[in-house]
Each structure stands twice: as C-alpha cells, then as structure tokens.
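Only one structure is covered here, and it is reproduced in the block below.
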Amino acid sequence: MSLFTRSLKQQRNKDMARTEKGSTPDDAPPGTSPDGPDAAEAEGTPDAEATPGAEGTPGAESKSGVTEKPGADGTPDAQEAPAADTAAADESSAPDGETAHGDNGDSGAGDAGGGDGHGDGHGDGSGGGEGDGTDGADAGAGSGADAGWRERRPTAARTVSVTVTVLAALLVVAALLLPNALYRLTPNAFLRIPVEGIFGAVLLLVLPPRARRWTALAVGTLLGLVTILKFIDMGFYSVLARPFDLVLDWILFDDAHSFLKDSVGETGAVFAVIGIVVLAIVLVVLMALAVRRLSLVIARHGTATTRTALALGTAWIVCSVFGLQTGSDNVNVASRNTALLLQHRVEAVQAGWKDEKAFAKEARVDKFEGTPGDKLVPELRGKNVIFTFIESYGRSAIEDPEIAPGVDSVLKKRTAALDKAGFASKSGWLTSPISGAGSWMGHSTLMSGLWVANQQRYRSLVSSDRLTLTRAFRRTGDYRMVGIMPGVRRSWPEGKFYGMDHVYDSHHLGYEGPMFSWSPVPDQFSLKAFERLEHGKSDHKPMMATIILASSHNPWSPLPTMLPWNKLGDGRVYQPIHDAGARPTEVWKDPHRVRTQYKKAIEYSVQSLTEYLERYGDKDTVLVFLGDHQPVPTVTGGAKNKDVPISIVAKDKKVMDQVSDWGWTDGLKPEHKAPVWRMDKFRDRFMTAYGSEPDSGPKSGSTSGSSEKKDKDENKGKDK
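Structure, rendered in structure tokens:
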C-alpha cells in the first residue's frame, strides 16, 4: 500500500469518526461535499509549484478536508485523488448523452464535480456542456446514483450505453425502411440506405442545442406516428387492397371493431383494442426517445457524423443513379420509402377534399332523372325482379387455379339444373369500385349508376335524391319494394334512400339459430324467409326485391351447409353444424385453408340461390345476381383486378332477348373474355335494355334536396 493510499485511508477514518460525533470533516462549510468544486478545481489544476521536500509524501489537506493531489514531482499520475477517478469514470463509462461533455450540457456541473449529484445545471461550466443548462439540471439531479454504479461497474455501464444506442439506431432505421404492405415485408426491405436518416442526422448536427432537443423529440414522435400508419396500411392492404385514407376511412374502424367482436367475442375485442392502443403509445414514446438519444450521440461526435453522412449520402446517390437493387424481389438499395409515403398521403388528403366537389358534379348528370314512371322499365311490367348480391363473389372464385375447380363445377351443375327447369341465363363481368370489403359501396354503385369508391361519396349519395334502380321501379307505381338484409343488425336509414317499402333485417327473418361468425343468418334460411314473408304470398303485387346474402362474408368459418328446404324451421337446426365447424382462429393460421373455406362459402351461396330459384321461381321471376367485390388479398393472392361476375336468369324468353346484344356468355359462368363494364355503367344499360326512355328535359340532377314532385308515385303503398 503506498503512502498516499495509506494517508487517504487514515483521513477517511477520521472523517467517519467525526461524522458519528455530529461534526463535519475538517470544519467543511455546510452543504459542501468533500468532492465539491474545490476538489474539482484541485484535480483539474496542475500543481506546478510543488513545495520542496514534497517527494514521497502525501499531499496536504485542503480547507475542505480533502487531500490534495501531490505536486508534479510527487505521486505518479495513476495515483490521483478520488474525485479525479470519479470524473474519469463518468466520462468513460456513462451512457451516451450523460457524460460531462454531453449535448446541451446534459451532465452539467454535477458530473464535472465528480458525480456527487449536486450539479447546478450550468451546462457551460466545468463539465464542458454546450447547452443552456436545462438538461444539465436534470442530469445533475440524478447523476449521483448513476455515477455510483458506473464507478463500481464501468465495463457494464459502457456496454449498456453502447447497447441502448445501437438499439435506438436499429429502431429508427427499421421504422424508416418498414414497408406499408405485408407482401413487401421481406429481409431485403431492410438492407437499404434510408435517405431520410441521412438528412435527419445532418439536420440534428447543424441545429443549436435547444432546437436540436425539441426537433429530435418532434421528429421521433412523427416517425412513431408514421410507423403506426404503416401498420394500419398493412391491415388495409390485407383486407381492402389499398392504403388507409386519412380523410375518409375513419368510419371503417367501427366496422372493424364489429367484425372483431363477431369473430372473437366481446371480451376478446375489448382486450384487442386495449392492447393495440397501448402498443401504439409505447411505440411513439420509444421512437421519440430513440431519436433524442441519437441526437446526443450526433452532437458529441460531430466529425464522425459528418463523415458518415457524406459516405452514406454518396453511396445513396450512386445506388439511385445506377438503380442498384437487392435480392430476387428487386428492392432498390437507395430508399426513400417513408418520404414517398408522406408525399403520397399528403396528395391523397388534398385529393380527398377535392373529391366531394367532383362527385357532386358527376351526380348532376342523370339522363333518367326526370323520366316519368310510365316510361321506366316498361319491358319488365308484371315481373318479380330480384337483385341479389353474393358477398365477396369475385373473379378469383371462377378463375383462380386453386379455387375455380370447385366453384366452376357448382356453376356448371346449377346451369344445367336451371336449364332443365326452364330458365335461361347469361353472364358477364363488372368492375367493382372496391375490393376486400366495403360492400355497401358496391351495392350503391350498381344501384345509383355512380362510382362510389369511398365513404365520403357514399354519404353524399344516400343524402341525395338520386334515381337508383330501386327508386326507378318504385316510381312506376306498379311494384312493391322489399329488402332482405340478413347482415343488417341495427338501424338502416339507407332503406329510405333506396325507396324500400319494407326492410327485413337479421332480427325480422324469424331466425333463432346460431351466428356463423360475421354472418347472422345462413343464406338458405334468408331465401326461405323471403319466400315465406313476401314472394310466396299469393296476393302480392309484382315486387322488386334487393337481397344481400351474407354467408360468404369472411372469415368463412364456421360455415353452414345445405339442408332440406322443408327442414329449416326457426334455424335451431343449424346449431350442430355451427358447433362442428372450424373456428376463425384456427382457419386463419393457414392461407391455404382460408382459400379452401372461401371456396366452400361461394359454393354454398351459389347453391342456395340457384336452388331457391329452381324451387320457387316461375315464369314471372327475373333474377339478377352478382358479387359486390373481390375477396381479401389472402384469397386473391394480391391480384389487382376488381372484377365480379354478374348473371341474369329468367324463364321468359323476351326478358333474355332484351340483353342478347350485350355479348354475355350463356350460362352462369362468364368466359374470361366476356365483356367487362364498370359497375356504375350497369344502371343505364339495364334501364335502356328494358325500355326506359331518357329524360327529354335538362340532363341534370342534384345530390341534395328533393325531387318528390317527379316521384309522387313513390310513396304509394309504403308500409307504416
């Protein structure tokens, strides 16, 4: 043990003894610690004027009671006073941003004074900080406890510091490179150079301390929100094959919650929502802290940051100019993924605000708006016209190699059965405005003759007096307007817009059986209820019915099966079928199984509808049935087209002759090359084919107000 160490030990023992007696060491001033400013000054000042004979003797005590450093000719440098050891340990082992030389003076005078926890917050003081002292006060308040464990475990402290910094960098880079669609989520997506990171580092480097701090927190928060948006986009691409619309899609979260509740139950839905909200908050906070930490590292290592930014910037430019890509999925090495997402989203928001005016302009054009009732669809007088939508019945059901064989077999058999029963049929293709979900927009597009591709357009439409197909039949005064809506479980004000005399929702079909996931009522039961409640009555007037079947709505598990039509009862017969079916949580683990269940659902819906027609249809029945949209991308495999099949079926040859020039395929299955029309064009083609005469007056309508003077017959016979 050296003389210096022995002397120091003796001095500490004396101090402890005095403390036990209630005195301070060597009459130190109140509030001053042995490692206070005097010690910091002593350790930082070379003892050039050493007294003679100082060699080999311990240094003299200072007024504060701390042993001063020996003179220049005394104890070697390695044997410094404890205060100097503490300061050195703080600087070498403290996590980035917390040393005496950190950004904004984060450690302040407290760390500079040996980590005693009494820093005064002056970042420009002895600690060498560059800030205004705000961060220095915070760091000084907690530096005492931090310094203690850093002194004891300097290697561990340094390891933790480096690890946290690396994790912060990885989190930020991953957020910048994260794609917003699952099919783009590959390892190569993260082997790129994000230009946003380069610009961000340079920005934080050149900003003054206070601006740097707040900019880092703001950028981190924004990046966290953008990351959440990317995850939401993944969900929308998986279901709707498009990104989330920041202006128009908020209402869809209510439908998503209802779907979740139907699939996993009320409790599961509540916990899922809570978990999602908590994760979102945690993500934003972590991202803000990560960017803040990196800003401290950038400020401390300005030269290294500059060189790294120049190197990566040069590499990014080279990769961009030469179009360098990684992997077989051809991902560009030079990434501006997040910047483009923000740019496109800003453009989408601007377009969303403009779309309302554009839609109003489109809606003002309606060549049948003023046509009197006696000149609308005269070729269908006396017929029972049934428009039926089959949920998620898209081109993939008929042409996908994995799904088509089963569905095509059913279509072929049912075409033959209907032909044997005296029904003829023709089929073609329509392009729906939506895909994956949003059925109501598909329904309204077909009925209104307007392209209803978003919720804003839908709201504008249903608050207008647009002449839909249903209202056209109503205007004639010859038809009873009926809606069979098994998927509707709450009030449906749209029934008034469509001019329905009566709407039968899931609560009014007489069904007492189990729900099949989202679908409240099996299709076969819904059709049998329609026959019992409306179509089968001998004294009914000709009707125009709109039926929206729901059994082929995802998640397609469990599924009902066909039963004898006279054995359906009140629906309780479905309970064993429901209990034996697969659960959605099981099915959706395997995409192949999802596709298999979708195929079975379409087969069931087509079978139910065509068997109903075969069993209960007659010479006055005209059936138009179609899909509302393509299924989710899990089924379509990311196919871009939005085509759905449509068929017209009737016994009356005159009805079929009216559409003979459409070029449609005979039977229930349209050929691949059959005509493809936009869904909004069908209304005018259908009305024209069946004798409707265009309005001879101005060809303009309105999206608001009332035109009841032109529709005075629409209120005849309406149910009270």
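No gaps in the numbering here: position 268 of the sequence shown is 268 in my numbering, and each next residue is one more. Glycine included, every Cβ here is placed at the ideal spot set by N, Cα and C.
- In this structure Ser692 does not touch Lys426 by the C-beta definition: roughly 19 Å separates them, more than the 8 Å allowed.
- In this structure, DSSP gives Met234 a helical state, which the three-state scheme calls helix.
- Take the alpha-carbon of Val282 and the one of Ala216: they are about 17 Å apart.
- Cα atoms of Val277 and Ala256: separation of roughly 15 Å, rounded to the nearest angstrom.
- Taking C-alpha positions only, Trp662 is separated from Leu469 by approximately 19 Å.
- Here Leu340 is exposed: its Cβ has fewer than 16 other Cβ atoms, across all protein chains shown, within 10 Å.
- In the three-state reduction of the DSSP assignment, Val521 falls in the coil class, being assigned neither a helical nor a strand state.
- The C-alpha of Thr371 is placed about 6 Å away from the C-alpha of Pro694.
- Contact between the stretch 396-413 and the stretch 486-497 is absent: fewer than three C-beta pairs spanning the two stretches fall below 8 Å.
- By the neighbour-count definition (other C-beta atoms within 10 Å, threshold 16), Thr388 is a buried residue.
- Counting along the chain, the unbroken alpha helix (DSSP H) around Pro591 starts and ends at 591-616.
- Annotation for Glu534: Val482 place their beta carbon closer than 6 Å to its own, counting only its chain and skipping 5 residues before and after.
- Going by DSSP, Trp677 is part of the beta strand (DSSP E) stretching over 676-678.
- For Asp620, the closest alpha carbon among the candidates Asp628, Ser608, Ser464, Ala650 is that of Ala650.
- Rounded to the nearest angstrom, the gap between the Cα atoms of Val166 and Thr306 is 18 Å.
- Excluding the 5 residues flanking it on each side, Pro670 has same chain C-beta neighbours closer than 6 Å at Ser427, Gly428, Trp429, Pro645, in chain order.
- With 16 or more neighbouring CB atoms inside 10 Å of its own CB, Phe516 falls in the buried class.
- For the pair Phe530 and Ile547, the CB atoms are nearer than the 8 Å cut-off.
- Of the candidates Ile386, Pro208, Arg242, Ile386 places its Cα closest to the Cα of Ala545.
- The straight-line gap separating the alpha-carbon atoms of Arg678 and Arg685 is approximately 11 Å.
- Asp408 carries a helical assignment under DSSP once its states are collapsed to helix, strand and coil.
- Arg474 is the residue among Pro514, Thr221, Ile232, Arg474 whose C-alpha sits nearest the C-alpha of Gly495.
- Cβ-Cβ distances below 7 Å link Asn641 to Arg395 in the same chain, with the five nearest sequence neighbours on each side left out; the list follows chain order.
- Counting of Cβ neighbours within 10 angstroms places Glu347 among the exposed residues, the total staying below 16.
- The alpha carbon of Leu286 has as its nearest neighbour, out of Ala169, Gln455, Val333, the alpha carbon of Ala169.
- Residue range 337-363 is occupied by the alpha helix (DSSP H) that includes Asn337.
- Taking all protein chains shown into account, Ala437 has 16 or more neighbouring C-beta atoms within 10 Å of its C-beta and is therefore buried.
- In its chain, beyond the 5 residues on either side, Thr470, Met481, Val482, Gly483, Thr546 have a beta carbon closer than 8 Å to the beta carbon of Met500.
- About 6 Å separates the beta carbons of Tyr598 and Pro631, which is inside the 8 Å limit, making them a contact pair.
- Gln524 is classed as buried because its beta carbon has at least 16 other beta carbons within 10 Å across all chains shown.
- The beta carbons of Glu402 and Tyr690 sit no closer together than 8 Å.
- Secondary structure within the stretch 406-444: the beta strand (DSSP E) runs of 3 or more consecutive residues, fully enclosed, are 424-431 (chain order).
- Closest by C-alpha distance to Val635, out of Leu312, Gly323, Pro591, is Pro591.
- For Ala311, the enclosing alpha helix (DSSP H) starts and ends at 302-322.
- Per the C-alpha coordinates, the member of Met441, Arg192, Ser538 positioned closest to Leu324 is Arg192.
- Each of Lys357, Lys528, Gln575 was checked against the Cα of Pro514, and the nearest Cα belongs to Gln575.
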